[in-house]
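Which chain is which? The protein sequence lines are A and B, in order. Remember, this note's numbering sits 7 above the position in the first sequence when you count from 1. Remember, this note's numbering sits 7 above the position in the second sequence when you count from 1.
Protein chains: 2
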Amino acid sequence: MKEKVPKGYSPSMEDYLEAIAMLCGGRRAARVSEISRRLRVKMPSVTSAVKKLSEQGLVVHERYGYVELTAEGDRVAEDVIRRHKALSRFFAEALDINQEVAEEDACKMEHVISPLSLERVIKFIEFIEACPLGETNFPNRYKYYLEHGELPEECLERGLREKE
Amino acid sequence: MKEKVPKGYSPSMEDYLEAIAMLCGGRRAARVSEISRRLRVKMPSVTSAVKKLSEQGLVVHERYGYVELTAEGDRVAEDVIRRHKALSRFFAEALDINQEVAEEDACKMEHVISPLSLERVIKFIEFIEACPLGETNFPNRYKYYLEHGELPEECLERGLREKE
DNA sequence: TAACAATTATAGCCATGGCTAACAATTAGT
DNA sequence: ACTAATTGTTAGCCATGGCTATAATTGTTA
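Here is the structure:
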């Protein structure tokens with residue numbers, strides 16, 4: 008019972024937890040070599056990170072063996088993944104960015120976004136997906152603007168009407 | 008002529024450049040103590056950062072004197088500021104996040120966002136500001152959804168119409 | 001089962017970027 | 001002009017998180 012309660016973890020440690028959770032994928036545990044490959048760091052970096060995480064009670068790891076998340080580690084990892092998914096969906100679906108770049112940006116931003124902004128990003132996606140306005144819906148108009156550099160007709164017409 | 012051409016700078020160094028540019032604000036140069044206060048780091052941290060920046064040709068600094076950006080330093084700083092402004096406007100105007108949190112998030116994300124995503128964020132703001140649809144415009148609908156947790160009428164009606 | 005390959009760990013280095021404590025220069029007050 | 005306060009620098013510490021080189025363990029296979 009000496010926990011600092013709602014701790015924050017470094018981007019690096021969050022990356023390790025996320026990678027381990029993805030590798031475990033429900034079933035088996037993760038190997039050091041797998042984590043190393045996934046995060047594109049060398050194995051000694053993984054070993055020392057895992058050591059640190061295990062001292063913090065986030066993973067269990069026996070020498071030359073598997074790496075597994077503890078309940079707490081899993082909780083943290085799932086939260087990172089939640090942030091990641093929200094951001095990558097936002098980039099891909101709302102901003103119309105290709106999947107690869109969307110993932111890359113999500114990977115970096117997931118560590119720094121505030122809880123409030125995260126919730127708003129999620130609301131935003133919910134909203135644009137739940138509000139289906141056919142041809143005139145928001146994503147379509149936005150994409151038209153992206154492609155043509157000009158506003159679509161609907162916007163222009165109404166804009167003019169307002170002005171006079 | 009030994010430059011690595013389109014270098015990338017660390018978040019920390021970008022923060023220093025940004026702070027110096029803001030403090031110089033066109034006219035006078037910056038003092039170490041000002042940078043220290045603005046970034047909430049101690050003065051020795053500033054001294055060593057400034058030393059590094061001057062080795063990289065981004066600032067000019069004479070002992071016990073002022074810190075000024077070089078042309079190159081100014082170029083980099085302006086780019087950081089551009090990213091910052093785009094992001095904070097996006098958070099504040101598009102996601103309806105209060106100014107303070109918008110600034111905080113922009114401060115962190117400005118260092119990691121990809122050029123593509125940045126451009127899209129800018130386009131996004133341009134779009135929602137340029138497409139004025141009165142009561143039924145996108146920001147209004149989104150804010151309605153934020154406040155009520157329910158889609159506004161326009162969305163619901165059309166959504167139903169589509170289904171049958 | 002002995003030896004080799006693959007995997008993992010350890011030791012120890014390096015860069016980054018904070019910090020404190022102590023010292024030095026500059027500026028201001030009298 | 002002298003001294004005190006302010007400002008800035010230096011030296012040196014620490015944590016983080018990479019890395020290489022080398023050692024240890026495990027698993028496989030002849």
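Glycine included, each C-beta is placed from N, C-alpha and C at the ideal position. The structure presented is a predicted model; accordingly, all values stated were derived computationally and were not measured.
Pull the bridge partners of L76 (chain B) from the DSSP assignment, please. B:V66
Contacts of V108 (chain A) in chain B (Cβ-Cβ under 8 Å): S121, L123, S124
In the structure shown, what three-state DSSP assignment does A37 (chain B) receive? strand
Which two residues bound the contiguous alpha helix (DSSP H) that contains Y23 (chain B)? 18 to 31
Cβ-based burial, E107 (chain A) [other Cβ within 10 Å; buried from 16]: exposed
Checking contacts by CB at 8 Å: is D86 (chain A) closer than that to chain B? no
Whole angstroms is fine: what's the gap from G72 (chain A)'s alpha carbon to V83 (chain A)'s? 22 Å
Distance check for G156 (chain B) and V48 (chain A), CA to CA, integer angstroms please. 43 Å
Identify the continuous alpha helix (DSSP H) that holds C114 (chain B) and give its terminal residues. 106 to 116
Compare the C-beta of D112 (chain B) against all C-beta atoms of chain A and say whether one is closer than 8 Å. yes
Distance, Cα to Cα, V67 (chain A) vs P51 (chain A)? 17 Å
Inter-residue CB distance, I129 (chain B) and A93 (chain B) (contact presumed, cutoff 8 Å): 5 Å
Using a Cβ-Cβ cut-off of 8 Å, state whether H22 (chain A) counts as contacting chain B. Strictly speaking, residue 22 (chain A) in this sequence is Asp, with His absent from that position. Answer no: the Cβ-Cβ gap between D22 (chain A) and chain B never drops below 8 Å.
Apply the 10 Å Cβ neighbour rule to R127 (chain A) and answer buried if 16 or more other Cβ atoms are within range, or exposed otherwise. buried
When the distance is taken between beta carbons, is V74 (chain B) closer than 8 Å to V87 (chain B)? no
Taking the alpha-carbon positions, what's the L46 (chain A) to C114 (chain A) distance? 11 Å
Below 7 Å CB to CB, which residues in the same chain sit around R96 (chain B) once its five sequence neighbours on both sides are set aside? I132
With 16 as the cutoff for other CB atoms within 10 Å, does E69 (chain A) come out buried or exposed? exposed
Within 8 Å (strictly less), CB to CB, does D103 (chain A) reach chain B? yes
Assumed close pair G80 (chain B), L24 (chain B) - CB separation to whole angstroms, cut-off 8 Å: 6 Å
Considering only residues of the same chain and omitting the five flanking positions on each side of P18 (chain B), which have a CB-CB separation below 7 Å? H118
C-alpha distance - G32 (chain A) paired with L102 (chain A), whole-angstrom precision: 29 Å
In whole angstroms, give me the CA-to-CA distance for Y151 (chain A) and F145 (chain A). 10 Å
Can you find a CB in chain A that lies within less than 8 Å of the CB of A93 (chain B)? no
Measuring alpha carbon to alpha carbon, tell me which residue in A:L123, A:A37, A:L76 is nearest R90 (chain A). A:L123
Given L153 (chain A), which residues of its chain have a CB within under 8 Å of its CB, disregarding the five upstream and five downstream residues? D103
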